[in-house]
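Protein chains in written order, with our numbering: chain A, 1264 to 1574; chain B, 1056 to 1327.
Think of the CB as a built atom: it goes at the ideal place given N, C-alpha and C, for glycine as much as any other residue.
None of these values were measured; they are calculated from a predicted model.
Accompanying notes for the structure given below.
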């Protein structure tokens, strides 16, 4: 079945099916991946869109009932949804310093660090990235425990009041932001450090010869050349930050106290699998997907426009 | 100027030491708590005065932890194999041929990671129920048998493969599949190993889909087993930390053995 033997042996009658087979060949290789992506992502996406116009309690024997735009109308007027949207913004805003700000500052401050210790630090700061989210949840639940946790023991030791990290509605969301960020901060630092060390030293040398101060070098050379990484990490945080927090919401607070840690993804989960309101859940999903899709397009456009590449 | 640099270097070490401690101390605290006897649980000392394996003994009797770890090894291993296989085939199709619909297929695969799982969870759950995939390891693997990131990484790796070699193989009459298996794959060992590590760790740490699918603790994977255990045992910290330590052990061992490769594979393939 090779090209050479076929061209020698094929007769005029077998050329047509042969051509068709050749056109199909790449699709044979694509088929497994495409099948998975279509069956488990794109078809469900369309089904979710369809379901968002129905009322259905997900029981196998019950029939979905068409309700038009009612689910959307309900969602948009519900205080639950408003609170979840605000919280989603808080999660994202809270994560940005941990996934972009601090790592960028650390990478810039430690850029000139060399030697064997550097690799040792790098090996350590990466560790949270591979800690399973549930394990991270358990660890921090113990460290931040109100009565016996180490952090509160330290606070007491320094004469402060103990903090209900997961029980105080004003604090709980920030605790979850912190745990989400704890997993990311080292990894982001490594990404920035890698991008920073790829900057040609001759630029910095030339600037120094011209009498540029270290801050001028950061502002005019290193930050612009780091902008692709900055924009990428910012985009990832905006698009996925609220999703990364889901595990911690579900494992640690269940959306409480007083719904203070519920974000849109947790709301969808609650509607879907706690209150069994498939229509509400999918309607919220469609709205969220539409909004984040627009944000993604916007981010990509911004990246094309503002990122500076060293050519 | 020189004193400035020296101070900068000390400061840089200080910053890195601080960040390292922040990263590693919580993990250390988990491990040392798992060795604490009951009466030392609430002490704030850095290491238990009388370390014990009691918590581990208790975990082994309280939950089928080894069965759960084995389930997770199976699930993560099968998922990795499937993702690398489907990724290799799809990437090969996109690199070897130019054909109508190829770019669309490429975009569809690449954009699939933008769809949040929570948006498609209900249709997925309904489909899994219909297919009888609930509460099974197969059910955990099947929807994850292809990953956008695997296709993209392998696609980039293959595109860097010298075109002339592929053409020469075709001239010699090698079929597309033979060229892939005998010429391309052996030369892509490094990227394949790198994406395998990423796929394995991601599958091991996956949470949401097992959460929907798994009903009984003996069928669960570590993430869900730990979650069950956390709800059940609430505040028995020694027990919880021992379970969490055991559940993390395989990934930590991989990291100890392949630290450089693990970090590289995460850095090359992004965050998700």
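Residue(s) in a DSSP beta bridge with residue i
i                       : result
residue 1329 of chain A : A/1317
Supposed contact pair residue j and residue i - C-beta distance, whole angstroms, cut 8 Å
i                       : j                       : result
residue 1317 of chain A : residue 1327 of chain A : 4 Å
residue 1509 of chain A : residue 1307 of chain B : The Cβ separation is near 24 Å, so there is no contact.
residue 1374 of chain A : residue 1459 of chain A : 5 Å
residue 1543 of chain A : residue 1337 of chain A : 7 Å
residue 1571 of chain A : residue 1488 of chain A : 6 Å
residue 1295 of chain A : residue 1144 of chain B : 6 Å
residue 1440 of chain A : residue 1354 of chain A : 6 Å
residue 1485 of chain A : residue 1371 of chain A : 7 Å
residue 1170 of chain B : residue 1552 of chain A : 7 Å
residue 1249 of chain B : residue 1319 of chain B : 6 Å
residue 1519 of chain A : residue 1173 of chain B : Not a contact, Cβ separation roughly 19 Å.
residue 1005 of chain B : residue 1295 of chain B : Outside the displayed span of chain B (1056 to 1327) sits residue 1005 of chain B, for which this structure offers no information.
DSSP three-state assignment for residue i, whether helix, strand or coil
i                       : result
residue 1157 of chain B : helix
residue 1343 of chain A : helix
residue 1068 of chain B : helix
residue 1537 of chain A : coil
residue 1295 of chain A : helix
residue 1572 of chain A : coil
residue 1307 of chain A : helix
residue 1097 of chain B : coil
residue 1431 of chain A : coil
residue 1557 of chain A : helix
residue 1354 of chain A : helix
residue 1455 of chain A : helix
residue 1312 of chain B : helix
residue 1257 of chain B : helix
residue 1410 of chain A : coil
residue 1488 of chain A : helix
residue 1523 of chain A : coil
residue 1444 of chain A : helix
residue 1266 of chain A : Confidence at residue 1266 of chain A is low in this model, with a pLDDT of 44, below 50, so its placement is unreliable and the value that follows should be read with caution. Three-state DSSP puts residue 1266 of chain A in a helix.
residue 1323 of chain B : helix
residue 1274 of chain A : Interpretation of residue 1274 of chain A is limited by its pLDDT of 45, a score under 50 that renders its predicted location unreliable; the figure taken from the coordinates is listed afterwards. Here residue 1274 of chain A sits in coil by DSSP.
residue 1221 of chain B : helix
residue 1102 of chain B : coil
residue 1324 of chain A : coil
residue 1231 of chain B : helix
residue 1421 of chain A : coil
residue 1373 of chain A : coil
residue 1191 of chain B : coil
residue 1465 of chain A : helix
residue 1481 of chain A : helix
residue 1286 of chain A : helix
residue 1301 of chain A : helix
residue 1201 of chain B : coil
residue 1216 of chain B : coil
Cβ-heavy atom distance, residue i to the ligand ADP, below 7 Å
i                       : result
residue 1495 of chain A : Within the structure as shown, the ligand ADP is missing, as the structure has no ligands at all.
Where the stretch 1393-1417 of chain A meets chain B: residues whose CB sits under 9 Å from a CB there: 1393, 1394, 1395, 1396, 1397, 1398, 1399, 1400, 1401, 1402, 1403, 1404, 1405, 1406, 1408, 1410, 1411, 1413, 1416 and 1417
Entirely enclosed alpha helix (DSSP H) segments - the stretch 1119-1179 of chain B, minimum 4 residues: 1120-1151 and 1157-1166
Residues within the stretch 1259-1270 of chain B neighbouring chain A, beta-carbon criterion of under 8 Å: 1259, 1260, 1262, 1263, 1266 and 1267
Members of the stretch 1207-1218 of chain B that neighbour chain A once the beta carbon cut-off is set at 7 Å: none
Interfacial residues, the stretch 1524-1557 of chain A to chain B, with Cβ spacing under 8 Å: 1528, 1531, 1532, 1535, 1536, 1541, 1544, 1545, 1548, 1549, 1551, 1552, 1555 and 1556
Members of the stretch 1087-1100 of chain B that neighbour chain A once the beta carbon cut-off is set at 8 Å: 1088, 1096, 1097 and 1099
Short-range partners of chain A found in the stretch 1298-1323 of chain B, where Cβ spacing is below 9 Å: 1298, 1299, 1300, 1302, 1303, 1306, 1307, 1309, 1310, 1314, 1315, 1317, 1318, 1321 and 1322
Residues in the stretch 1440-1467 of chain A having any Cβ partner in chain B nearer than 8 Å: 1445, 1447, 1448, 1449, 1450, 1452, 1453, 1454 and 1457
Cβ-based contacts, 8 Å cut-off: residues of the stretch 1497-1511 of chain A near chain B: 1499, 1502, 1503, 1506, 1509 and 1510
Members of the stretch 1345-1362 of chain A near chain B, C-beta cut-off 7 Å: none
Segments assigned alpha helix (DSSP H), at least 4 residues, entirely inside the stretch 1262-1304 of chain B: 1263-1268 and 1277-1288
Residues in the stretch 1367-1389 of chain A having any Cβ partner in chain B nearer than 9 Å: 1368, 1369, 1372, 1373, 1374, 1375, 1376, 1380, 1381, 1382, 1383, 1384, 1385, 1386, 1387, 1388 and 1389
Contact residues within the stretch 1157-1178 of chain B, judged by C-beta distance below 7 Å to chain A: 1157, 1160, 1163, 1164, 1167, 1169, 1170, 1171, 1173, 1174, 1175, 1176, 1177 and 1178
Interfacial residues, the stretch 1130-1142 of chain B to chain A, with Cβ spacing under 8 Å: 1140, 1141 and 1142
Interfacial residues, the stretch 1193-1204 of chain B to chain A, with Cβ spacing under 9 Å: 1197, 1198, 1199, 1200, 1201, 1202 and 1203
Cβ-based contacts, 9 Å cut-off: residues of the stretch 1467-1488 of chain A near chain B: 1477
Chain-ordered residues of the stretch 1290-1310 of chain A with a beta carbon less than 9 Å from chain B: 1290, 1291, 1292, 1293, 1294, 1295, 1296, 1297, 1298, 1299, 1300, 1301, 1302, 1303, 1304, 1305, 1306, 1307, 1308, 1309 and 1310
Cβ-based contacts, 7 Å cut-off: residues of the stretch 1281-1295 of chain B near chain A: 1281, 1282, 1285, 1292 and 1295
Interface positions of the stretch 1319-1336 of chain A facing chain B (Cβ-Cβ less than 8 Å), listed along the chain: 1321 and 1323
Residues in the stretch 1061-1082 of chain B having any Cβ partner in chain A nearer than 8 Å: 1063, 1064, 1066, 1067, 1068, 1070, 1071, 1072, 1074, 1075, 1077, 1078, 1079, 1081 and 1082
Under 8 Å (Cβ pairs) to chain A, residues found in the stretch 1142-1153 of chain B: 1142, 1144, 1145, 1147, 1148, 1149, 1151 and 1152
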